[in-house]
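Participant: Residues in the sequence shown are numbered consecutively from 1, following full-length UniProt numbering.
Don't be surprised by glycine CBs; every beta carbon is placed ideally from N, CA and C.
Owing to the predicted nature of the structure, the values given are computational and were not obtained by experimental measurement.
Take this structure, written in structure tokens, and hold onto it; I'll ask about it next.
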Amino acid sequence: MTGLKLLSKNSKGAFKNIFLDYYKPLYHLGNYYLNDEEEAKEIVQEAFIKLWELRHELNPDSNLQNFLFTLVKNNCLNILKRRQILLKHHGRIREKEIYYQYESLSRINDDYLELTELKDKIETAIKNLPEHCRVVFELSRFEEMKNREIAEKLGITQKAVEARMTKALKILRNELKDYLPFAMVVMSIFD
């Protein structure tokens, strides 16, 4: 039985599992666009409250992941729009930044939010890196090693580590340019 089916039967355990599975990626998405941890937490909480409130109305076969990400996306858009209005009245410089964030997020099709597909694209892009770049990238990002530690482990200079990392990031940015905002979110939560 799917999480939505269990949820429609008022299963608090199903709700807890859904919360544990989706809180972190939803939070990262909200925080990426809003650049405000508290607002990101609030919009994720609102998404889960809305899920609970609509649990009996949702189609049990619908895509829960898309539903939750769409709620967070729309909440981000609303907040960015409010910020934009406030900034227009106050004439602040950040207006353009918020406008671009809003435009970037609003262009994303809700079906685009398939994280498993995106994760596969990221994994493929990483696997396709030149081996010397891939090794440095993986040690840095997944093993959380510092450049000095990587240099010692691989028997190369720190400058070589920096150069390889720069090249890896440049290749990944180019390969994932169409997915960049969500790629950054997914890469931040890679386990």
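Taking E138 as part of the alpha helix (DSSP H), name the residues at either end of that continuous run.
Facilitator: Your numbering for residue 138 matches position 138 in the sequence shown. Its alpha helix (DSSP H) spans residues 131-141.
Participant: Do K121 and L176 come within 8 Å of each other at the CB atom, strictly closer than that value?
Facilitator: Here residue 176 corresponds to residue number 176 of the sequence shown, with the count starting at 1. Here residue 121 corresponds to residue number 121 of the sequence shown, with the count starting at 1. Going by C-beta atoms, L176 is nearer than 8 Å to K121.
Participant: Let's see if you can read the secondary structure: which residues bound the alpha helix (DSSP H) around N17?
Facilitator: By 1-based counting over the sequence shown, the position of residue 17 is 17. Its alpha helix (DSSP H) spans residues 12-34.
Participant: How would you label R82, buried or exposed, when you count the other beta carbons within 10 angstroms and need 16 or more for buried?
Facilitator: Walking along the sequence shown from the start, residue 82 turns up at place 82. R82 comes out exposed.
Participant: Less than 8 Å between the beta carbons of L68 and Y22, yes or no?
Facilitator: By one-based count along the sequence shown, residue 68 stands at place 68. By one-based count along the sequence shown, residue 22 stands at place 22. Against a cut-off of 8 Å, the Cβ pair of Y22 and L68 comes out as a contact.
Participant: Among the candidates N63, M165, E42, whose CA atom is the shortest distance from the CA of residue 218?
Facilitator: Since the first and last residues shown for the chain are 1 and 191, residue 218 lies out of range.
Participant: Leaving out five residues on either side along the sequence, give the residues of the same chain with a beta carbon under 7 Å from the beta carbon of S140.
Facilitator: The residue given as residue 140 occupies position 140 in the sequence shown. Answer for S140: I150, M165, listed in chain order.
Participant: Starting from I150, trace the alpha helix (DSSP H) both ways and give me its first and last residue.
Facilitator: Position 150 of the sequence shown holds residue 150. Residues 147-154.
Participant: In this structure, how does DSSP classify K5 when only helix, strand and coil are distinguished?
Facilitator: Here residue 5 refers to the residue found at position 5 when the sequence shown is read from its first residue. It is helical.
Participant: Within the 8 Å Cβ cut-off, does E38 reach chain D?
Facilitator: Protein chains in the displayed structure number just one, and chain D is not present.
Participant: Straight-line CA distance for L51 to K12?
Facilitator: In the sequence shown, counting from the first residue as 1, residue 51 sits at position 51. In the sequence shown, counting from the first residue as 1, residue 12 sits at position 12. If I take the Cα positions, the gap works out to 12 Å.
Participant: Please state if the CB of V44 and the CB of Y32 are separated by a distance shorter than 8 Å.
Facilitator: Residue 32 sits at position 32 when you count from the first residue of the sequence shown. Residue 44 sits at position 44 when you count from the first residue of the sequence shown. Cβ atoms of Y32 and V44: not closer than 8 Å.
Participant: Alpha carbon to alpha carbon, how far is L80 from E39?
Facilitator: For the purposes of this step, residue 80 is taken as residue 80 along the sequence shown, with counting starting at 1. For the purposes of this step, residue 39 is taken as residue 39 along the sequence shown, with counting starting at 1. Computed Cα separation, rounded: 11 Å.
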